[in-house]
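Colleague:
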Amino acid sequence: MALKFCSFASGSSGNCYMVKSEHTTLLVDVGITGKRVFAGLEERGVTPEEIDGILITHEHIDHVRSLRMVSKKASNAGVFASNGTLNVIADKIPEERAYGVPNESPFYIGDIRVNPFHLSHDAAEPTGYSFAHDGRQVTIVTDTGFVSEEIFHQVESADLLILEANHEVNILKMGAYPYPLKRRILGDEGHLSNEAAGHCLCQMLKKRVHDKIPHVVLAHLSKENNTPGQAYLTIRNILFEEDFYIDKDLKLDIANRDEVSPFVEV
1 MALKFCSFAS GSSGNCYMVK SEHTTLLVDV GITGKRVFAG LEERGVTPEE IDGILITHEH
61 IDHVRSLRMV SKKASNAGVF ASNGTLNVIA DKIPEERAYG VPNESPFYIG DIRVNPFHLS
121 HDAAEPTGYS FAHDGRQVTI VTDTGFVSEE IFHQVESADL LILEANHEVN ILKMGAYPYP
181 LKRRILGDEG HLSNEAAGHC LCQMLKKRVH DKIPHVVLAH LSKENNTPGQ AYLTIRNILF
241 EEDFYIDKDL KLDIANRDEV SPFVEV
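Going by UniProt numbering, the first residue of the sequence shown is number 1, and it counts up by one from there.
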């Protein structure tokens, strides 16, 4: 077995993912209730004691809601985050199991190689992660206002890419959000739009150096400013303009806001 991925929840109200090899189990963010985290683990046949690491992207509540409870029950798991993030969440985790993660310095948790990279978001020191094992790579890119060269370096080599498609720009602009919040979401430290995700995927496909079709899961969709159908349609049309096609050049799925997804294996 190479790597497995599943989503427990994905969206502005809470995010939690699992990445798993045969011998190592990791959680990425725990922004939902502990009850839902443990239910997701049980549904996927994993006990809290089997979790080897909890990786936190940043300190916003939709990514750390149950960190205190989960880190306590997952007693064998280290908690990994950037030093900036750790400074904010220190009261939620046991000090002896807190590990600072320098950007661009790969490290291992069990048999999974973790590559952290900087995100552009309005948080203390937001960090994305790529996970590699047995020649396969899973990369998670959410909560960033744009795709930098550093981020794209991880994107272009991913076999499975979890990519933010937070909002449809016109829906957000015409919606009920107050103007300062709209500016925040649309800014360089906000969230990726459907359009930005589509253009990122076009660049990814242009840079591919082998024929293997990448698998992409759209994530962190806004409940108010997006729908799965809208995200799919916008991205499909952008891909079509560059002569790329879903199911031919890439596989495309969308992470559900509130349901545990099936495992995706790469």
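Where a beta carbon is used, it is the ideal one built from N, C-alpha and C, also for glycine.
Span of the beta strand (DSSP E) holding T47?
Modeller: Taking the sequence shown and counting its residues from 1, the one referred to as residue 47 is at position 47. Taken as a continuous stretch (DSSP letters only), T47 belongs to no beta strand (DSSP E), as it is neither H nor E.
Colleague: Answer yes or no: do L67 and I51 have a C-beta to C-beta separation smaller than 8 Å?
Modeller: One-based indexing of the sequence shown puts residue 67 at position 67. One-based indexing of the sequence shown puts residue 51 at position 51. No.
Colleague: Residues in its own chain within less than 7 Å of F38 by CB, not counting five upstream and five downstream?
Modeller: If you number the sequence shown from 1, residue 38 lands on position 38. So the list reads P48, once near-sequence residues are dropped.
Colleague: To the nearest angstrom, report how far apart T157 and R208 are at their CA atoms.
Modeller: By one-based count along the sequence shown, residue 157 stands at place 157. By one-based count along the sequence shown, residue 208 stands at place 208. A quick correction: the sequence has Ser, not Thr, at residue 157. Rounded to the nearest angstrom, the two C-alpha atoms are 8 Å apart.
Colleague: Going by alpha carbons, who is nearest to P4 out of A196, E22, G198?
Modeller: Within the sequence shown, numbered from 1, the residue matching residue 4 stands at position 4. Here the sequence assigns Lys to residue 4, which means Pro is not the residue at that position. Nearest of A196, E22, G198 to K4, Cα basis: E22.
Colleague: Can you tell me whether T25 sits near the ligand SAH, meaning its C-beta is under 7 Å from at least one heavy atom of the ligand?
Modeller: For the structure depicted, the ligand SAH is absent and the ligand set is empty, with no information on it obtainable.
Colleague: On the three-state DSSP scale, how would you describe V217?
Modeller: Translated into positions along the sequence shown, residue 217 becomes position 217. For V217, the secondary structure class from DSSP, reduced to helix, strand or coil, is strand.
Colleague: What are the boundary residues of the alpha helix (DSSP H) that N194 is part of?
Modeller: Residue numbering aside, residue 194 sits at position 194 when the sequence shown is read from its first letter. Here the alpha helix (DSSP H) through N194 covers 194-207.
Colleague: Which term fits M18, buried or exposed, when burial requires 16 or more other beta carbons within 10 angstroms of its beta carbon?
Modeller: Sequence index remark: in the sequence shown, residue 18 carries index 18 (1-based). M18 is buried by the Cβ-count criterion.
Colleague: Could you spell out the range, first to last residue, of the beta strand (DSSP E) harbouring H133?
Modeller: By 1-based counting over the sequence shown, the position of residue 133 is 133. H133 -> beta strand (DSSP E) spans 127-133.
Colleague: Please name the residue in T227, N194, A74, D122 whose C-alpha comes closest to that of L55.
Modeller: In the sequence shown, the residue the question calls residue 55 occupies position 55. Minimum Cα distance to L55 is reached at A74.
Colleague: Would you identify the three-state DSSP class for P180, choosing helix, strand or coil?
Modeller: In the sequence shown, counting from the first residue as 1, residue 180 sits at position 180. DSSP places P180 in helix when its eight states are reduced to three.
Colleague: Comparing alpha-carbon positions, which option in Y179, F240, H199, E164 lies nearest D253?
Modeller: The count along the sequence shown starts at 1 and reaches residue 253 at position 253. Restricting attention to Y179, F240, H199, E164, the CA atom closest to the CA of D253 is found in E164.
Colleague: In its own chain, which residues sit with a C-beta less than 6 Å from the C-beta of F244, not counting the 5 before and 5 after it?
Modeller: As a position in the sequence shown, residue 244 is number 244, starting the count at 1. Closer than 6 Å at Cβ, skipping near neighbours: L205.
Colleague: Can you tell me which of T57, S105, R65 puts its alpha carbon nearest to the alpha carbon of T85?
Modeller: Locating residue 85 in the sequence shown gives position 85, where the first residue counts as 1. The option with the nearest alpha carbon to T85 is T57.
Colleague: Once DSSP output is grouped into helix, strand and coil, what is the label at L27?
Modeller: Numbered from its first residue, the sequence shown carries residue 27 at position 27. If DSSP states are grouped into helix, strand and coil, L27 belongs with the strands.
Colleague: Would you be able to state if there are at least three C-beta pairs under 8 Å between the stretch 6-13 and the stretch 255-265?
Modeller: yes
Colleague: Please classify I56: does DSSP put it in a helix, a strand, or coil?
Modeller: What you label residue 56 is simply residue 56 of the sequence shown in a count that begins at 1. Residue state, collapsed to three classes: coil.
Colleague: Determine the burial state of A176: buried for a count of at least 16 other Cβ atoms within 10 Å of its Cβ, exposed for fewer.
Modeller: The sequence position of residue 176 within the sequence shown is 176, counting from 1. So A176 counts as exposed.
Colleague: Tell me the rounded alpha-carbon separation between N76 and Y179.
Modeller: Along the sequence shown, read from residue 1 onward, the residue named residue 76 stands at position 76. Along the sequence shown, read from residue 1 onward, the residue named residue 179 stands at position 179. Computed Cα separation, rounded: 44 Å.
Colleague: What does the Cβ neighbour count give for S105, buried or exposed, with the cut at 16 atoms within 10 Å?
Modeller: Counted from its first residue, the sequence shown places residue 105 at position 105. Flag for S105 reads exposed.
Colleague: At which residues does the beta strand (DSSP E) containing P116 begin and terminate?
Modeller: Counting from one through the sequence shown, the residue named residue 116 turns up at place 116. From DSSP, the beta strand (DSSP E) with P116 extends over 112-118.
Colleague: What would DSSP say about G187, mapped onto helix, strand or coil?
Modeller: Within the sequence shown, numbered from 1, the residue matching residue 187 stands at position 187. If DSSP states are grouped into helix, strand and coil, G187 belongs with coil.
Colleague: Between the alpha carbons of E241 and G229, how many angstroms are there, rounded?
Modeller: Along the sequence shown, read from residue 1 onward, the residue named residue 241 stands at position 241. Along the sequence shown, read from residue 1 onward, the residue named residue 229 stands at position 229. A direct Cα-Cα distance of roughly 18 Å separates E241 from G229.
Colleague: CB-CB under 7 Å to A231, same chain, minus the five flanking residues each way: which ones, in chain order?
Modeller: As a first step, residue 231 is located in the sequence shown; it is residue number 231 there, counting from the start. Excluding residues within five positions, the ones whose Cβ falls inside 7 Å are A165, N194, L218, L221, I254.
Colleague: Is Y99 near F117, with beta carbons less than 8 Å apart?
Modeller: The residue you call residue 99 lines up with position 99 of the sequence shown. The residue you call residue 117 lines up with position 117 of the sequence shown. Contact flag unset, no.
Colleague: Would you mind sorting P214 into buried or exposed? The rule is 16 or more other CB atoms within 10 Å of its CB.
Modeller: For the purposes of this step, residue 214 is identified with residue 214 of the sequence shown, where counting begins at 1. Per the 10 Å Cβ criterion, buried.
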